[in-house]
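Sequential numbering from 2 applies to the sequence shown in my numbering.
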Amino acid sequence: GGAGYGTILGNTFTIVAEKGTVTAPLGGDLDVAGTTLQVPDIFKIPADLNVSLRTRSPVTAALSIMDQPPFGYLTRANQPVDLATGRADVTAHLSLPLIKGLKPGDVTYQVDAVLSQVSTGTLIHNRTLSADRLTLGVTRQGIHVEGQATLDGVPVKGRWSQLFGPDQVGKSRVQATLDLSPASLATFAIGLPKGAVTGKGAGEIAVDLHRGQPPAFVLTSDL
Numbered sequence: 002g003g004a005g006y007g008t009i010l011g012n013t014f015t016i017v018a019e020k021g022t023v024t025a026p027l028g029g030d031l032d033v034a035g036t037t038l039q040v041p042d043i044f045k046i047p048a049d050l051n052v053s054l055r056t057r058s059p060v061t062a063a064l065s066i067m068d069q070p071p072f073g074y075l076t077r078a079n080q081p082v083d084l085a086t087g088r089a090d091v092t093a094h095l096s097l098p099l100i101k102g103l104k105p106g107d108v109t110y111q112v113d114a115v116l117s118q119v120s121t122g123t124l125i126h127n128r129t130l131s132a133d134r135l136t137l138g139v140t141r142q143g144i145h146v147e148g149q150a151t152l153d154g155v156p157v158k159g160r161w162s163q164l165f166g167p168d169q170v171g172k173s174r175v176q177a178t179l180d181l182s183p184a185s186l187a188t189f190a191i192g193l194p195k196g197a198v199t200g201k202g203a204g205e206i207a208v209d210l211h212r213g214q215p216p217a218f219v220l221t222s223d224l
């Protein structure tokens, strides 16, 4: 169902997708209308390719594509591609040489996405995280997701991030602001005596996640 056009102007070759879909390994189709591919110099050997990718799809389909070689974003983050439901509106810019045996270090990229109507029961064990809108960003340095959400009904505003690199495998961090109230303390089974806390305040929490270890956290509040 693809349609578009190609041009050669001077040494530059450009392809524009005016409509079309790509079927992801899991999660359905991605609408790729507005995507462009450009070879800046067709006489250069090996040639370079610049891609401005524009997709709209279910979250699972977008994450499934992002987990393909040579990137493997979700695998590197130790997360499944079907970790959440919702919609993803993605803009990505990639530059790479047209060579065989492409390696991750050969590719320069930046991915920005808006995730809407998101819900996941996978990211936090036995907890449901929901959000009307989250933003996701990926570069060669790392990946992050941030925004306002609810965790089992408790309002939170936060950011999850993970750096890439051999020394960062299995490590990530959550930083968030959340409501503190009798209801939220009960939701998270904090275990304070009944009536110990009344009213409502805000707490700042930082959680360091290391694979194979219990999470380490610090919670502070002015109550």
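All C-beta atoms in this analysis are idealised placements derived from N, C-alpha and C, irrespective of residue type, glycine included.
Computed from a predicted structure; not experimentally measured.
Got a sec, what are the start and stop residues for the beta strand (DSSP E) residue i sits in?
| i | result |
| --- | --- |
| residue 134 | 130-140 |
| residue 38 | 37-40 |
| residue 98 | 86-98 |
| residue 16 | 13-20 |
| residue 9 | 4-10 |
By how many angstroms is the C-alpha of residue j removed from the C-alpha of residue i?
| i | j | result |
| --- | --- | --- |
| residue 224 | residue 120 | 30 Å |
| residue 70 | residue 108 | 11 Å |
| residue 54 | residue 190 | 44 Å |
| residue 138 | residue 72 | 14 Å |
| residue 167 | residue 11 | 43 Å |
| residue 217 | residue 207 | 8 Å |
| residue 130 | residue 159 | 12 Å |
| residue 35 | residue 58 | 14 Å |
| residue 111 | residue 92 | 8 Å |
| residue 200 | residue 182 | 6 Å |
| residue 44 | residue 215 | 55 Å |
| residue 180 | residue 140 | 31 Å |
| residue 135 | residue 115 | 6 Å |
| residue 157 | residue 46 | 51 Å |
| residue 151 | residue 102 | 43 Å |
| residue 127 | residue 193 | 21 Å |
Sorted by chain position, which residues of the same chain lie with C-beta nearer than 6 Å to residue i's C-beta, five sequence neighbours on each side aside?
| i | result |
| --- | --- |
| residue 173 | 163, 210 |
| residue 23 | 31, 33 |
| residue 7 | 16 |
| residue 51 | 39, 96 |
| residue 14 | 40, 43 |
| residue 221 | 205 |
| residue 123 | 84 |
| residue 21 | 2, 3, 33 |
Considering only residues of the same chain and omitting the five flanking positions on each side of residue i, which have a CB-CB separation below 7 Å?
| i | result |
| --- | --- |
| residue 143 | 162, 163, 164, 165 |
| residue 61 | 27, 28, 82, 83 |
| residue 68 | 74, 75, 76, 82 |
May I ask you to report which of helix, strand or coil DSSP gives residue i?
| i | result |
| --- | --- |
| residue 60 | helix |
| residue 77 | helix |
| residue 156 | strand |
| residue 213 | coil |
| residue 66 | helix |
| residue 168 | helix |
| residue 107 | helix |
| residue 192 | coil |
| residue 32 | strand |
| residue 83 | coil |
| residue 126 | coil |
| residue 223 | coil |
| residue 102 | coil |
Just to confirm my understanding: we take residue i, look at its own chain, exclude 5 residues before and 5 after, and list those with CB closer than 8 Å. What are they?
| i | result |
| --- | --- |
| residue 49 | 40, 41, 42, 96, 97, 98, 99 |
| residue 79 | 171, 212 |
Could you tell me the boundaries of the alpha helix (DSSP H) in which residue i lies?
| i | result |
| --- | --- |
| residue 187 | 183-188 |
Return yes when the C-beta of residue i is under 8 Å from any heavy atom of the ligand ADP, and no when it is not.
| i | result |
| --- | --- |
| residue 111 | Absence of the ligand ADP from the depicted structure is noted, as is the absence of any ligand whatsoever, leaving it without description. |
Is the CB of residue i under 9 Å away from at least one CB in chain D?
| i | result |
| --- | --- |
| residue 47 | No chain D appears in this structure, which consists of one protein chain only. |
Would the stretch 141-157 and the stretch 169-187 be scored as touching if the rule is three or more Cβ pairs under 8 Å?
With a cut-off of 8 Å, the stretch 169-187 and the stretch 141-157 count as touching, because enough Cβ pairs lie within range.
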